[in-house]
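With the sequence shown counted from 1, adding 9 to any position gets you the working numbering. Ideal Cβ placement from N, Cα and C applies to all residues, glycine included.
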Amino acid sequence: MTKRPSRRTFLHTVGAGLALGACARSAQVGQDASAPGGGAQEPPRGPLPGAPGKDDIALPAGGVMPTRPLGRTGVDVSLVGLGGYHMAMPKDEQESIRLVRFAIDHGINFLDNCWDYHAGKAEERMGKALQDGYRQKAFLMTKIDGRTRAPAEAQLEQSLRRLRTDVIDLVQMHEIIRRSDPEQIFGPGGAMEALVAAKEAGKIRFIGFTGHKDPDIHLAMLEMAERQGFRFDAVQLPLNVMDPHYRSFEERVLPVLTEKGIGVLGMKPFASGLIAEAGVVTPMECLHYPMNLPTSVVITGCDSLGVLKQALRAAYTFQPLGEERVAAILARTAELGARGKIEQFKTTERFDGTTKNPHWLTTASV
10 MTKRPSRRTF
20 LHTVGAGLAL
30 GACARSAQVG
40 QDASAPGGGA
50 QEPPRGPLPG
60 APGKDDIALP
70 AGGVMPTRPL
80 GRTGVDVSLV
90 GLGGYHMAMP
100 KDEQESIRLV
110 RFAIDHGINF
120 LDNCWDYHAG
130 KAEERMGKAL
140 QDGYRQKAFL
150 MTKIDGRTRA
160 PAEAQLEQSL
170 RRLRTDVIDL
180 VQMHEIIRRS
190 DPEQIFGPGG
200 AMEALVAAKE
210 AGKIRFIGFT
220 GHKDPDIHLA
230 MLEMAERQGF
240 RFDAVQLPLN
250 VMDPHYRSFE
260 ERVLPVLTEK
270 GIGVLGMKPF
280 ASGLIAEAGV
290 VTPMECLHYP
300 MNLPTSVVIT
310 GCDSLGVLKQ
320 ALRAAYTFQP
330 LGEERVAAIL
340 ARTAELGARG
350 KIEQFKTTER
360 FDGTTKNPHW
370 LTTASV
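Okay, structure coming up:
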């Protein structure tokens, strides 16, 4: 009898297929790689152990950024996405603008942000960075917190103004971490009414949601959408070397997304630096592992040029990981990952911005 592959082996095989297919769609550095129409707020952290300095990472000459389909949207996005929270951490606004433009100039077209990041400063800085023709080269995503229609509409309008754009490519409901979220968002007067109306008005192109707490809540959100006859374009979820060992989004949510053709936005490849601090895997393994899954994009925070170059190099050099390599990585991370000790966004409220700031759910005051 032929042994059937495990679900994990199947997912990594699908990811490898995406990687090979991406070769034909890769965007040359500096090329316009998109055609736009028009996580939790993490506490600031210092440099990771061994984090690269500004000039420590040499990028390959003529490096190529792989692209992958964003589900069934018809849009291809860069394998690496620039996280919006860390981009706004530098004290100097010009450094943030430099990071965004360097990322775009070197093939990254997927930009992440959120209405509440740094009290709106992250969106404002990104909006300035996207002037001078850069908006046309980017696939722009942001997130809102409002659970009912009125605050969701108000937050979206603020995001449009801060980002200095008439159209946001993807808007996501942020921090779906409560079991009450799906019913509230899809219920009468819920936030979904605001997003659907904004899409019909041409203010946004696609709709998604994010969350980091529990796969069951992601599945409940997807099930609620299906009951309402709604289909998400993208979903953001933690995918990293620790995730398979505890409350695994890879095991439980990722197969549903791939089956439905929903764009997969991987996040928290370093778990806010805690994986790197543990010292059991390399930074490249942290980035290559989620790239090896059927992700559309792996979103990573970059607060310096050196860290950004590290992410670029990971994308430029990525090759599908073999089954033995994946098994070796998971063996090294099994003990630390087993109880969620490293993925504190699953087990604590430390990274739950809307828990610490519940008014974000009901007002447009950040």
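I'd like the span of the alpha helix (DSSP H) that includes residue i, first residue to last.
i, result
"residue 308", "Segment 306-309 is the beta strand (DSSP E) holding residue 308; no alpha helix (DSSP H) there."
"residue 226", "224-236"
"residue 315", "314-326"
"residue 265", "263-269"
"residue 183", "Counting along the chain, residue 183 falls outside any alpha helix (DSSP H), and DSSP gives it neither H nor E."
"residue 297", "292-300"
"residue 190", "190-195"
"residue 205", "200-209"
"residue 365", "362-365"
"residue 341", "332-346"
Can you look up residue i in the DSSP assignment and give me helix, strand or coil?
i, result
"residue 276", "strand"
"residue 429", "Because the chain here runs from 10 to 375, residue 429 falls outside it and cannot be looked at."
"residue 93", "helix"
"residue 177", "strand"
"residue 244", "strand"
"residue 157", "strand"
"residue 77", "strand"
"residue 370", "helix"
"residue 87", "strand"
"residue 149", "strand"
"residue 169", "helix"
"residue 119", "strand"
"residue 56", "Because residue 56 sits at a pLDDT of 42, beneath the cut-off of 50, its placement in the model cannot be relied upon, and the point is left open."
"residue 141", "coil"
"residue 375", "coil"
"residue 356", "helix"
"residue 125", "coil"
"residue 239", "coil"
"residue 379", "It is not possible to answer for residue 379, since the shown part of the chain is limited to 10 through 375."
"residue 287", "helix"
"residue 349", "coil"
"residue 21", "helix"
"residue 98", "coil"
"residue 71", "coil"
"residue 135", "helix"
Under 7 Å Cβ to Cβ from residue i, same chain only, skipping five residues before and after it: list those, please.
i, result
"residue 287", "345 and 351"
"residue 254", "342, 343, 346 and 347"
"residue 78", "85 and 305"
"residue 171", "129, 132, 133 and 136"
"residue 283", "351 and 353"
"residue 160", "371, 372 and 373"
"residue 97", "105, 126, 127, 130, 131 and 134"
"residue 144", "174"
"residue 40", "Summary for residue 40: the model assigns pLDDT 40, below 50, so the residue's position carries little reliability, and this model does not support an answer."
Less than 8 Å between the C-beta atoms of residue i and residue j, yes or no?
i, j, result
"residue 311", "residue 95", "yes"
"residue 315", "residue 66", "yes"
"residue 88", "residue 306", "yes"
"residue 362", "residue 132", "no"
"residue 74", "residue 320", "no"
"residue 125", "residue 375", "yes"
"residue 285", "residue 249", "no"
"residue 330", "residue 108", "no"
"residue 68", "residue 322", "yes"
"residue 340", "residue 80", "no"
"residue 297", "residue 327", "yes"
"residue 221", "residue 111", "no"
"residue 123", "residue 93", "yes"
Skipping 5 residues on each side, what residues in its chain have a beta carbon closer than 8 Å to that of residue i?
i, result
"residue 267", "20, 23, 273 and 303"
"residue 240", "234, 269 and 271"
"residue 180", "150, 151, 152, 153, 165, 168, 204, 207, 213, 215, 216 and 217"
"residue 137", "102, 106 and 173"
"residue 157", "193, 198, 199, 200 and 371"
Report all residues from its chain with a CB closer than 6 Å to the CB of residue i; omit the five preceding and five following residues, and keep chain order.
i, result
"residue 120", "91, 147 and 149"
"residue 364", "358"
"residue 245", "219, 274 and 276"
"residue 368", "none"
"residue 356", "349"
"residue 195", "201, 233 and 237"
"residue 335", "21"
"residue 100", "none"
"residue 229", "191"
What first and last residue would you give for the beta strand (DSSP E) that runs through residue i?
i, result
"residue 109", "From DSSP, residue 109 is part of no beta strand (DSSP E) but of the alpha helix (DSSP H) over 102-114."
"residue 217", "213-219"
Taking 7 Å as the cut-off, is the CB of residue i close to at least one heavy atom of the ligand MN?
i, result
"residue 78", "In terms of ligand content, the structure shown is empty, and the ligand MN therefore cannot be addressed."
Assess contact between the stretch 188-195 and the stretch 222-232, defined as three or more Cβ pairs (one per stretch) separated by less than 8 Å. Is contact present?
Touching, per the Cβ criterion.
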